[in-house]
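Reviewing the structure listed below.
2 protein chains.
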Amino acid sequence: MVRDSAATRNRILDAAIGEFSAYGLAGARIDRIAEAAEANKRSIYVYYESKEGLFTAALHRVIGDLVEAVPLTEDDLPGYAGRMFDYLLVHPEALRMSMWRHLERPAKGPDAAEVYAHKIEAMAGGGGGLTASGLPPADLLVLVQGLASSWLISPEDLLCADGSDPYSPERLAAHRASLVEAARRLCAPAQTPGGPNPP
Amino acid sequence: MVRDSAATRNRILDAAIGEFSAYGLAGARIDRIAEAAEANKRSIYVYYESKEGLFTAALHRVIGDLVEAVPLTEDDLPGYAGRMFDYLLVHPEALRMSMWRHLERPAKGPDAAEVYAHKIEAMAGGGGGLTASGLPPADLLVLVQGLASSWLISPEDLLCADGSDPYSPERLAAHRASLVEAARRLCAPAQTPGGPNPP
DNA sequence: ACCTGGTAAGTAACCGGTTATTGACAAACA
DNA sequence: TGTTTGTCAATAACCGGTTACTTACCAGGT
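Going line by line, the protein sequences match chains A and B.
Heads up, the first sequence is in the numbering used here, so the first residue is 137 and it goes up one at a time.
Heads up, the second sequence is in the numbering used here, so the first residue is 137 and it goes up one at a time.
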């Protein structure tokens, strides 16, 4: 047997991400994590203190990877939405962990408030608190993220309603185009001067 | 003590909605439901068979109430988005139960595929599979629902990034306006003839 | 009006299995 | 030798589900 604490730590974290992403904090089983990690149950407590601690660590890893892989390009929100969609498609655990977090432990995990604040400031830049689109930057950001994830959080019956297979490559590509176009429309300059939120 | 099986059934279902919405299927505790319902644990199994059966029943009630209270007006999607936002704000359990469903039991709960199919057909009506906006109707529907719920599923750090209290009445009203305007832009006829999805 | 027996509704105690967590100890490294 | 890393088995609490039982209600005979 080779002893390598860092490797064991990583195997545990990987297994935890798989387990928590599938079952959530309440549904996850420490035994299954230990087995999947090919590690002893005890080492989980040595390295991560508790089930909650392991969940928090998993949250940090998954969401950290996401924000690193999909940088928030505030000057190109449609592109950001498209790349976010692509990433979530390849990494379903990122979206699932975010949802578990929202439902089970909203206060845990990374806090990116300052990062967001900077981006929002950059978007507003001289526009009197509004973007060129006439929408408040924070709202725009939230809405664009809603667009990016909407397909992946919609119930099956809605996705299947038009008769196509919602996860076929063609369907996904078509929806990606729709979503990027939608984001483009949100970001386009307002047509009526004064915009939808007149002062 | 007054004996009324229908009333007991309802108390149990109400308590179950509160419990499942707060903790999910795996996190919910039958004992707590029984206590909150002022009913005996046994009656839960008499009326609903199992924890899963009770969860499914809760799903049907909550989502049934939602689709009844917020009719899908396919000829007025911005209005639909606004009303959906209002409802979800007053009934957080509706959104939470939908999320638990997606994560824990995607196959359970009501199936509205036919209803959606009809709406989508109506939206497409003669447009060669596209709406006047140039977007496929199914995509448009999914995206609009994404807009309606985006604020309520966003992480706290993003909502707070612009310094305001994300759940103050003023902030909510402002975001509602943003979201309805966003839906309006998605539904507006495409500016470039041929649209974003040329044949 | 008054029993009375059957049934629906409700209750408390309990059970077997599971679960997170820990203590005691052995093996490997430095 | 002392420290780190890993193993095994125990423990204490918990939880979904069930058993055995009591209480209220009511139809119909007398």
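Glycine is no exception: its CB is placed at the ideal position from the N, C-alpha and C atoms.
A quick note: this is a predicted structure, and the numbers were derived from the prediction, not measured.
Reduced DSSP secondary structure (H/G/I, E/B, other) of residue i
i: E174(A); result: coil
i: D140(B); result: coil
i: Y303(A); result: coil
i: L225(B); result: helix
i: D150(B); result: helix
i: R168(B); result: helix
i: S269(A); result: coil
i: P325(B); result: coil
i: G264(B); result: coil
i: E210(B); result: coil
CB of residue i within 8 angstroms of CB of residue j, strictly
i: V322(B); j: S285(B); result: At residue 322(B) the sequence reads Leu, which differs from the Val that was named. Not closer than 8 angstroms, so no.
i: L190(A); j: A152(A); result: yes
i: L294(A); j: V278(B); result: yes
i: L231(A); j: L283(A); result: no
i: L161(A); j: M235(B); result: no
i: A274(B); j: L266(B); result: no
i: C272(B); j: A310(A); result: Note that residue 272(B) corresponds to Pro in the displayed sequence, not to Cys. The answer is yes: Cβ separation under 8 angstroms.
i: V280(A); j: L213(A); result: yes
Neighbourhood of residue i by C-beta, 7 angstroms cutoff - its chain only, sequence neighbours within 5 removed
i: Y183(A); result: R145 and I148
i: G215(B); result: T209
i: A142(B); result: none
i: H254(A); result: none
Neighbourhood of residue i by C-beta, 6 angstroms cutoff - its chain only, sequence neighbours within 5 removed
i: G154(A); result: none
i: P329(B); result: The predicted model places P329(B) with a pLDDT of 43, which falls under 50 and marks its position as unreliable; any figure quoted below should be read in that light. Hits under 6 angstroms: none found.
i: G331(B); result: At G331(B) the pLDDT is 40, less than 50, meaning the model places this residue with poor confidence and gives no usable figure here.
Residue i: CB within 7 angstroms of a non-hydrogen atom of the ligand HEM
i: A248(B); result: Ligands are entirely absent from the displayed structure, and the ligand HEM is therefore not among its contents.
Residues near residue i in its chain [Cβ-Cβ closer than 8 angstroms; skip 5 each side]
i: R129(B); result: Residue numbering for chain B in the displayed model covers 137 to 335; residue 129(B) lies beyond these limits and cannot be assessed.
Where the alpha helix (DSSP H) through residue i begins and ends
i: D293(B); result: E292 to L295
i: H196(B); result: K187 to A205
i: R241(B); result: R241(B) -> no alpha helix (DSSP H), and no H or E assigned at all.
i: S285(A); result: P273 to I289
i: E257(B); result: A249 to A260
Cβ-Cβ separation, residue j to residue i (assumed contact under 8 angstroms), whole Å
i: K244(A); j: L195(A); result: 6 angstroms
i: I199(A); j: A297(B); result: Contact flag wrong, Cβ pair sits at about 15 angstroms.
i: P242(B); j: E292(A); result: 6 angstroms
i: P325(B); j: A268(B); result: 5 angstroms
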